[in-house]
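Residue numbers (the numbering used here): 1452 to 1644.
If you want it as structure tokens, here you go:
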């Protein structure tokens, strides 16, 4: 009996999440499987997530999947992901940071979700994009920092998020800001090529 339940849970955790963590108030951080394809409606409703970095394999996020995650400040999703409705990120900290914040405006959810999708698209936010990407590359981050200086790590985007914050919250990052800073200083001193 236990063996059957275990394999059943494995199947859903790797491919399709269905209300698995509904009202799991203690859930603060999560690293999704690279095999994740779908997050169904209300799957993470009323959890306490502070960030969400969807793997590139995720293709669908159901309506209200992250509703009432009041500390959710960061949410990154693949370009191709289909959203199941206007309420995917309703009542989150990120929603309150939106310049379009008016929950009573008709069609607001779509406007807000487009804002989230396009948050770091402009060239001035290239370091933000590099730090919040799936498995950020040290070489790309170093190239941007060499061009813009270490102060680029503290530049805020329109939601008030810095590249430093993205990198520290990104569960897929295997490098740290401190490692980048050390390499940058060593290179500036002529110790690295």
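Beta carbons: idealized from backbone N, C-alpha and C, even for Gly. If you're wondering where the values come from, they're calculated on a predicted model, not measured in any experiment.
Closest to residue i by CA distance: which of the options is it?
i, options, result
"residue 1651", "1633, 1597 and 1472", "The displayed coordinates of the chain run from 1452 to 1644. Any statement about residue 1651 would go beyond what the structure contains."
"residue 1517", "1541, 1488 and 1505", "1541"
"residue 1510", "1526, 1631, 1536 and 1488", "1488"
"residue 1543", "1508, 1589, 1563 and 1588", "1563"
"residue 1583", "1520, 1531 and 1621", "1621"
"residue 1597", "1496, 1521, 1495 and 1639", "1639"
"residue 1483", "1498, 1506 and 1522", "1506"
"residue 1496", "1537, 1521 and 1532", "1521"
"residue 1607", "1575, 1589, 1514 and 1502", "1575"
"residue 1514", "1490, 1508 and 1524", "1490"
"residue 1636", "1502, 1601, 1605 and 1624", "1601"
"residue 1603", "1632, 1519, 1548 and 1551", "1632"
"residue 1609", "1502, 1486 and 1572", "1572"
"residue 1503", "1599, 1627, 1549 and 1619", "1619"
"residue 1629", "1623, 1599 and 1593", "1593"
"residue 1581", "1519, 1623 and 1479", "1623"
"residue 1590", "1565, 1519, 1559 and 1634", "1634"
"residue 1519", "1479, 1617 and 1599", "1479"
Hey, how far is the Cα of residue i from the Cα of residue j?
i, j, result
"residue 1528", "residue 1615", "19 Å"
"residue 1475", "residue 1579", "29 Å"
"residue 1561", "residue 1477", "29 Å"
"residue 1512", "residue 1595", "32 Å"
"residue 1533", "residue 1568", "11 Å"
"residue 1588", "residue 1641", "22 Å"
"residue 1611", "residue 1537", "23 Å"
"residue 1577", "residue 1530", "16 Å"
"residue 1499", "residue 1525", "12 Å"
"residue 1481", "residue 1586", "15 Å"
"residue 1605", "residue 1494", "33 Å"
"residue 1523", "residue 1501", "4 Å"
"residue 1626", "residue 1570", "23 Å"
"residue 1550", "residue 1613", "18 Å"
"residue 1617", "residue 1559", "26 Å"
"residue 1566", "residue 1508", "21 Å"
"residue 1535", "residue 1486", "19 Å"
In the DSSP assignment, find the beta strand (DSSP E) that holds residue i and state where it starts and stops.
i, result
"residue 1485", "No beta strand (DSSP E) holds residue 1485; DSSP gives it neither H nor E."
"residue 1513", "No beta strand (DSSP E) contains residue 1513, which DSSP labels as neither H nor E."
"residue 1503", "1502-1504"
Taking 8 Å as the cut-off, is the beta-carbon of residue i closer than that to any non-hydrogen atom of the ligand NAP?
i, result
"residue 1549", "The model on display carries no ligand, and the ligand NAP is accordingly not part of it."
Start and end of the alpha helix (DSSP H) containing residue i?
i, result
"residue 1560", "1559-1568"
"residue 1612", "Per DSSP, residue 1612 belongs to no alpha helix (DSSP H) and is neither H nor E."
"residue 1577", "1577-1583"
"residue 1637", "1628-1639"
"residue 1544", "1544-1548"
Tell me, please, which residues DSSP counts as bridged to residue i.
i, result
"residue 1526", "1503"
"residue 1646", "Given a span of 1452 to 1644 for the chain in the structure shown, any question on residue 1646 remains unanswerable."
"residue 1478", "Residue 1478 pairs with nothing; no bridge assigned."
"residue 1540", "None, per the DSSP bridge assignment."
"residue 1601", "Residue 1601 is not bridged to any residue."
"residue 1618", "In the DSSP output, where bridge partners are listed per residue, residue 1618 has none listed."
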